[in-house]
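Chains as they are written, first to last, in our numbering: chain W, 1 to 249; chain P, 1 to 249; chain G, 1 to 249; chain H, 1 to 249. Ideal placement from N, C-alpha and C gives every residue a C-beta, glycine not left out. So the structure is just underneath, and the comments pick up after that.
This is the structure we're talking about:
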């Protein structure tokens, strides 16, 4: 294991048993990681796992859809990791997934999708970008804001309207941030995860005819996020897709 | 002038001196038109203009961002035009245009953009789609929901993040509706208006080096909307762009 | 019928029983039309049909994939229609459609697709653009170059590689011409025809579960091309899609 | 240095002082590399450099635009590296870059762009895919075909028509190959290099106002290619972009 940074940290919003956990473990090889989730049970096991591997981890309860909750979480982080700057911020929140005929969807379904997706990214980006900018001159890799997207980020399928609205909006905001903060040295990237992720919750899903590796490995996603983070500023990727070899697209 | 329909009407959300007015005048050649705007001063002159040309028009005050306000407006319409079905619904609302460095944007800027753009489309689509579906068997052209988009519907430019979030989300919802309601006979189309529209408010704008026709004629936009409405169901356009010949793209 | 222009003509490359014929009939309501096809049997019946309706039509044999053949065809046109300028040029050629596993495709399959698609557009555009430019100051509508595309213009499906290569290349060249000649007043538009066209050859195809209007009406395509041609220069469409209401997309 | 594979090799078409050289050096850390270029002076120095670092390298003269030349090159490779399979094939050829007003471009400019770009990829893919498929069961990483694209792969700019035609066509073929061969275990990826690469030939270019790191490091490109190659089959990227932090997009 390489030395863990003493000046920077990585923060991951939206951790659970899948991508968030894998990303946390991957970035914990180089940075202390802060895990944000609404409930402690989402991050406690990961914090333990990272510590047991010799890494540093801190779990903080926060609802990224709630501006005040995010502000409070970053106050806690400042107290726990005083003087540290954000080297990498990963926005991996994705609620609001309702598949319904449009005339059965309610305005609150739409609001929930918008609040958790683009509202969450907005709050998280406002909380992390000042520190990411401060990290530019000294961080080992360009400070990075990496955003998890989905098929619905680029395709509005029938009955996915409210979910796609939230995901398209996240992509819009991510693009805009890339164009504003890229020239200042912060790498903003958006990843289109196009397939079902292989996590405990999807164990029983019959995906891609049950073919081996037909679901996306969250560790592979984490490896691609780490690659994005380590790209030098002469060669930033703004967007990439990830999907199983057998996924139709 | 062709005869005005006695069984159907067109409804246009977001009228003022520009696209909304031109669309209203164009559709009023075939249908009674209902104009929705937050304030009577936005529709009164247009209602008069249409009537003076022998058309039928009704102005109703409504804030499309507000679910209850939209419901109330459509109750009014039902009373005024009993038994009529919607042949064409045009969503032309576009507020939330704030160009600011991201760290100066507030959560309420984002909310305003989302509420007026995708929230407005959501409310308007929920209010009109049941009637558009009913109109399918008998309407002279496929019942249509036409949505005004912008450059920011497909591009998240620096400092346009909150506006692009709203516009991307509108496009997502529009695509989803096209895929759900197209097979049921309702034509949902999204138009990317890529340029400055030639309206009183933009008179002084120096656009495209002041070249003649360097701003988009709202009457031309209306003609394209009418073309979309008259496409038979064997040949629907889901998306088109409109821009001045001298616009960079 | 409106008067037929005495100063301009429309030229359509790629006519047969489908889109080309419908476009010819539609544009013949306003212009003399010149029909280009490799073999007289492809245009003779259409020429007769137009003349029987009181229009003017001229058929010329030409292989648009062959630079010399195109040059010779336009010499013939100059002799037959001396002093006339091109008001509308429609490129509707689409050969090279081979669906095969890639390892069974030959280099000559690829060459055939490239030659007929982008090679053909290249020759046709070089032959018509000088006259389209000359027509700018006086033509009733902005002189137009309209290009027929396909699903394969924006999607490289499995086993469609060589066809998609030709179609993507056509779209690339069309975009480039739009950006170069648009500011000079020539309207270059690309149309993505996404579905099976309803022509004699496709009579027996089971498309969209045999649903009524599940194939695209070539007359509807022609109407959209005419709409594109009549757009004023303040409001050009560069690209639109056309598909049956029941088509999956 | 990790051990060099004895069963596989990497082959890079289009090597010179830039991306090709960096990719060769990167892949030579794990595989013997075969370098294809039209002239020995393009690969000789790189072959020496790899050997001096303890790697294995073979240079073969070939014009990828010429089917026979590619066939002959792979016969040579079979003789020199008997029984070895292709673990990674990188198509990095990019000629045909002519920026001219369309009416000054000739048919042979178009042919040159098509032949070198999509014709070259076609020949290279046909030569390597059988071996890539054979490598699937045993190769350390999913056998990969990685294709270098450019801004012109997704944008037809004014006066770039013939170049964009070639690049769009390459992207089309790459997408099609990804969809056909991905499910068979071969990873086909396309990389949009959006900016000027920092190589000897571009030393004097004033790019991005001369800002530091305003040109793309070819070593960074190579690192992203290596990342693509090492993605497991559950998580393939089909397309990513690379650009300097200060590049407008």
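Legend entry - Test item: CB-CB of residue 170 of chain G and residue 132 of chain G under 8 Å: no
Legend entry - Exposure of residue 1 of chain H, with buried meaning 16 or more beta-carbon neighbours within 10 Å: Because the pLDDT at residue 1 of chain H is just 48, under 50, the model does not fix this residue reliably, and the value given afterwards should be weighed accordingly. Answer is exposed; the Cβ neighbour count stays below 16.
Inset, instruction - Quick one: give me the first and last residue of the alpha helix (DSSP H) that residue 259 of chain H is part of. - result: Only positions 1 to 249 of chain H appear in this structure, which leaves residue 259 of chain H out of reach.
Inset, instruction - Please confirm if residue 69 of chain H has its CB atom under 8 Å from at least one CB of chain G. - result: Contact with chain G is absent for residue 69 of chain H, since none of that chain's Cβ atoms lies less than 8 Å from the residue's Cβ.
Legend entry - Under 7 Å by beta carbon: chain W residues contacting residue 217 of chain H: 232, 234 and 235
Inset, instruction - Would you list the residues sitting across from residue 144 of chain H in a DSSP beta bridge? - result: Residue 144 of chain H is bridged to H/88 and H/187.
Legend entry - Where residue 244 of chain H sits in the DSSP three-state scheme: coil
Inset, instruction - On a CA-only basis, which of H/211, H/146 and H/118 is nearest residue 63 of chain H? Give me that one, please. - result: Residue H/118 is the option with its Cα nearest to residue 63 of chain H.
Legend entry - Candidates P/147, P/111 and P/161, of which the one nearest residue 173 of chain P by Cα: Ranked by how close their Cα comes to the Cα of residue 173 of chain P, the residues P/147, P/111 and P/161 have P/147 in first place.
Legend entry - Contact check, residue 244 of chain G vs residue 208 of chain G, beta carbons under 8 Å: yes
Inset, instruction - Using the Cα positions of residue 91 of chain W and residue 198 of chain H, report the straight-line distance between them to the nearest angstrom. - result: Rounded to the nearest angstrom, the gap between the Cα atoms of residue 91 of chain W and residue 198 of chain H is 32 Å.
Legend entry - Integer Cβ distance of residue 194 of chain G from residue 249 of chain G, believed to fall under 8 Å: 6 Å
Inset, instruction - Quick one: grab the DSSP three-state call for residue 287 of chain P. - result: Shown here, chain P extends from 1 to 249; a query on residue 287 of chain P therefore has no answer.
Legend entry - Member of W/164, W/159 and W/150 whose CA lies at the smallest distance from the CA of residue 113 of chain W: W/164
Inset, instruction - Tell me, please, whether the CB atom of residue 122 of chain H is closer than 8 Å to any CB atom in chain G? - result: For residue 122 of chain H, the answer is yes, since a Cβ of chain G falls inside 8 Å of its Cβ.
Legend entry - Cutoff 8 Å: residue 246 of chain G Cβ touching any chain P Cβ: Interface criterion met: the Cβ of residue 246 of chain G is under 8 Å from a Cβ in chain P.
Legend entry - Per-residue DSSP class, three states only, for residue 1 of chain W: Because the pLDDT of residue 1 of chain W is 48, which lies under 50, any placement of that residue in the model is unreliable, and the question is left without a value.
Inset, instruction - Express the C-alpha separation of residue 180 of chain G and residue 10 of chain P in angstroms, rounding to a whole number. - result: 39 Å
Legend entry - Nearest neighbour of residue 97 of chain G, chosen from G/31, G/202 and G/110 [CA to CA]: G/110
Legend entry - CB contact check: residue 241 of chain P to chain W, cutoff 8 Å: no
Legend entry - Closer than 8 Å at the beta carbon, the chain G residues around residue 180 of chain H: 101, 102, 158, 159 and 161
Inset, instruction - Hey, could you find the ends of the alpha helix (DSSP H) residue 181 of chain G is sitting in? - result: 161-181
Inset, instruction - Please check if any C-beta of chain H sits within less than 8 Å of the C-beta of residue 1 of chain W. - result: Low per-residue confidence applies at residue 1 of chain W: pLDDT is 48, beneath 50, and the placement is therefore not dependable, though the value from the model is reported in the following sentence. Cβ-Cβ to chain H under 8 Å: no for residue 1 of chain W.
Inset, instruction - Report the rounded CA-to-CA distance for residue 153 of chain P versus residue 157 of chain H, giving the unit in angstroms. - result: 21 Å
Inset, instruction - Could you tell me the distance, in whole angstroms, from the CA atom of residue 88 of chain H to the CA atom of residue 144 of chain H? - result: 5 Å
Legend entry - Between the CA atoms of residue 24 of chain G and residue 12 of chain G - distance to the nearest angstrom: 7 Å
Inset, instruction - Could you tell me which chain P residues have their CB closer than 9 Å to the CB of residue 119 of chain W, listed as they occur along the chain? - result: 107, 110, 111 and 114
Inset, instruction - Just mark residue 201 of chain G as buried or exposed, buried being the case when its beta carbon has 16 or more other beta carbons within 10 Å. - result: exposed
Legend entry - Per-residue contacts from residue 48 of chain W into chain H (C-beta, under 8 Å): Ordered by position in chain H, no residue passes the 8 Å Cβ test against residue 48 of chain W, which lies about 26 Å from the chain.
Legend entry - Minimum Cβ-Cβ distance from residue 224 of chain G to chain P less than 8 Å: Against chain P, the CB of residue 224 of chain G has a partner CB under 8 Å away; the residue lies at that interface.
Inset, instruction - Please state whether DSSP places residue 221 of chain G in a helix, a strand or coil. - result: Residue 221 of chain G: helix per DSSP, three-state reduction.
Legend entry - chain H contact residues for residue 250 of chain W, given Cβ-Cβ distances below 7 Å: With chain W covering 1 to 249 only, the question about residue 250 of chain W has no answer from this structure.
Inset, instruction - Mind checking which residues open and close the beta strand (DSSP E) that includes residue 37 of chain G? - result: 33-37
Inset, instruction - On the DSSP bridge assignment, give the partners of residue 12 of chain H in chain order. - result: Answer is H/35 and H/90, bridged to residue 12 of chain H.
Inset, instruction - Please say whether residue 150 of chain G and residue 214 of chain G have beta carbons closer to each other than 8 Å? - result: Not in contact: residue 214 of chain G and residue 150 of chain G (Cβ atoms no closer than 8 Å).
Legend entry - Neighbour list for residue 171 of chain W in chain P, Cβ cutoff strictly below 8 Å: 156 and 168
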